[in-house]
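One structure is given here, and the rest of the page talks about it.
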Amino acid sequence: MLVVSAIRHYSTAPSHNQYDYCSISYTTINLFCNIGGAIALLNILIPTLIAATTPSRVTQMTSYYSLTMNLIAAIGTAIILPLATIWGWTTAMQLLGLPAGFALLASVFYRHALPTQSRVTPTTNVHWKLDRSTTLLALFMGCQSLIFYTLITWLPTIYQAFGASAAEAGTLLSVFQLVGIPAALVLTYRWHFQRLLPLILLGYLVGLTCLLWRGWGHWLSAIILGLTCSLVFTLALNLIATSSRRVTVVAQRSAIAQSCGYLLAAVGPLLLGQLNHIFASWQPGLLLIGGLMILTVSIGYALVTTTHQQ
Numbered sequence: 002m003l004v005v006s007a008i009r010h011y012s013t014a015p016s017h018n019q020y021d022y023c024s025i026s027y028t029t030i031n032l033f034c035n036i037g038g039a040i041a042l043l044n045i046l047i048p049t050l051i052a053a054t055t056p057s058r059v060t061q062m063t064s065y066y067s068l069t070m071n072l073i074a075a076i077g078t079a080i081i082l083p084l085a086t087i088w089g090w091t092t093a094m095q096l097l098g099l100p101a102g103f104a105l106l107a108s109v110f111y112r113h114a115l116p117t118q119s120r121v122t123p124t125t126n127v128h129w130k131l132d133r134s135t136t137l138l139a140l141f142m143g144c145q146s147l148i149f150y151t152l153i154t155w156l157p158t159i160y161q162a163f164g165a166s167a168a169e170a171g172t173l174l175s176v177f178q179l180v181g182i183p184a185a186l187v188l189t190y191r192w193h194f195q196r197l198l199p200l201i202l203l204g205y206l207v208g209l210t211c212l213l214w215r216g217w218g219h220w221l222s223a224i225i226l227g228l229t230c231s232l233v234f235t236l237a238l239n240l241i242a243t244s245s246r247r248v249t250v251v252a253q254r255s256a257i258a259q260s261c262g263y264l265l266a267a268v269g270p271l272l273l274g275q276l277n278h279i280f281a282s283w284q285p286g287l288l289l290i291g292g293l294m295i296l297t298v299s300i301g302y303a304l305v306t307t308t309h310q311q
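When the letters of the sequence shown are read in order and numbered with our numbering, they come out as residues 2 to 311.
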């Protein structure tokens, strides 16, 4: 409902040449707040919903959720500009509200189809607790998000700094985003979480190293980093959804981990840009990203160990 409301308000907002800056700013703030709020709520609630409704298939369903999210995001990115060119931005923005409307209708029918015992009942006896598992989840979510958002922000500029053309850099960024779609399915093959961590570290470091090589190195880095980042994100969602057998605990940990995690991730793009400005080189920033990659996997090991001990 937040998404539909935001898009409706934006599409009916006055044009720039008719109204003042304050009116336009209010429309923009409304759009960002509503869509941002919807994304934040769903990011927190989806792992909880999966844990509550399919407790025996949490890993599989979380992987499918991650796959679907990446696929729809890629489709939206691909079609929005052609739609805007043909019908204008107002119609294109309204069309983007259709998936949100369909999801709302599906959730209503799905809720009525659930057995009574599968529904999550509200509770007033909720105690927020920042235990070891929750702290590690927040750090793991934050580090992997920081790496991803920093890369997706600066990869085109970094590729150009190491010899790629602007067109090639844009294509490489698209490859980075698209190749991550099938990576979400890896966890459906019953991989043990701890066995994935060395593979993730290898992918991180090899992909980062390939950034320095012009030509095929750039393409390898886009493919390897795209696969690795998608796999780590899916793993993070799975670790949240399987962190407890109690749905209320999963909800609390999901809220804390993702809220703190994304706040931490917001620092990444700014920090890398500042390092490049100070040193006039991308190498110090890339070294920092490499260190964060090692730290992320180390936190993952501690998190998996803690989860198994509980």
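Ideal Cβ positions, reconstructed from N, Cα and C, are used throughout, including at glycine.
{"Asked": "Would you be able to state if there are at least three C-beta pairs under 8 Å between the region 199-216 and the region 100-109?", "Found": "no"}
{"Asked": "Given residue 258, which residues of its chain have a CB within under 7 Å of its CB, disregarding the five upstream and five downstream residues?", "Found": "135, 138, 139, 142 and 241"}
{"Asked": "Using 8 Å as the threshold, is the C-beta distance between residue 251 and residue 145 below it?", "Found": "no"}
{"Asked": "Whose CA, out of 185, 203 and 300, lies closest to the CA of residue 71?", "Found": "185"}
{"Asked": "Which two residues bound the contiguous alpha helix (DSSP H) that contains residue 193?", "Found": "Note, residue 193: premise wrong, no alpha helix (DSSP H); not H, not E."}
{"Asked": "Can you find at least 3 beta carbon pairs, one from the region 151-163 and one from the region 214-231, that sit closer than 8 Å?", "Found": "yes"}
{"Asked": "Taking the alpha-carbon of residue 300 as reference, which of 195, 275, 281 and 249 has the nearest alpha-carbon?", "Found": "195"}
{"Asked": "Buried or exposed: residue 247, going by 16 or more other Cβ atoms within 10 Å of its Cβ?", "Found": "exposed"}
{"Asked": "What residue from 61, 97 and 64 has the CA that sits closest to residue 78's CA?", "Found": "97"}
{"Asked": "By the three-class DSSP mapping on this structure, what secondary structure does residue 212 have?", "Found": "coil"}
{"Asked": "Is residue 174 near residue 302, with beta carbons less than 8 Å apart?", "Found": "no"}
{"Asked": "Who are the Cβ neighbours of residue 270 in its own chain at under 8 Å, not counting the five residues just before and after it?", "Found": "150, 151, 154 and 155"}
{"Asked": "Could I get the ranges of all uninterrupted alpha helix (DSSP H) runs contained in the region 266-307, with 4 residues as the minimum, in chain order?", "Found": "268-280"}
{"Asked": "For residue 291 and residue 147, what's the separation of their Cα atoms in angstroms?", "Found": "12 Å"}
{"Asked": "Tell me which residues share the same chain as residue 283 and place their Cβ nearer than 6 Å to its Cβ, disregarding the 5 neighbours each side in the sequence.", "Found": "159, 162 and 277"}
{"Asked": "Suppose the cutoff is 6 Å on Cβ atoms and the five residues either side in sequence are ignored; what does the same chain contact list for residue 286 look like?", "Found": "273, 276 and 277"}
{"Asked": "Whole-angstrom Cβ separation of residue 84 and residue 93, contact assumed at under 8 Å?", "Found": "4 Å"}
{"Asked": "Have a look at 204, 238, 262 and 228 and flag the residue whose alpha-carbon is nearest the alpha-carbon of residue 61.", "Found": "238"}
{"Asked": "Rounded to the nearest angstrom, how far is the Cβ of residue 45 from that of residue 255, given a contact under 8 Å?", "Found": "5 Å"}
{"Asked": "Between the Cα of residue 165 and the Cα atoms of 201, 217 and 133, which residue gives the shortest distance?", "Found": "217"}
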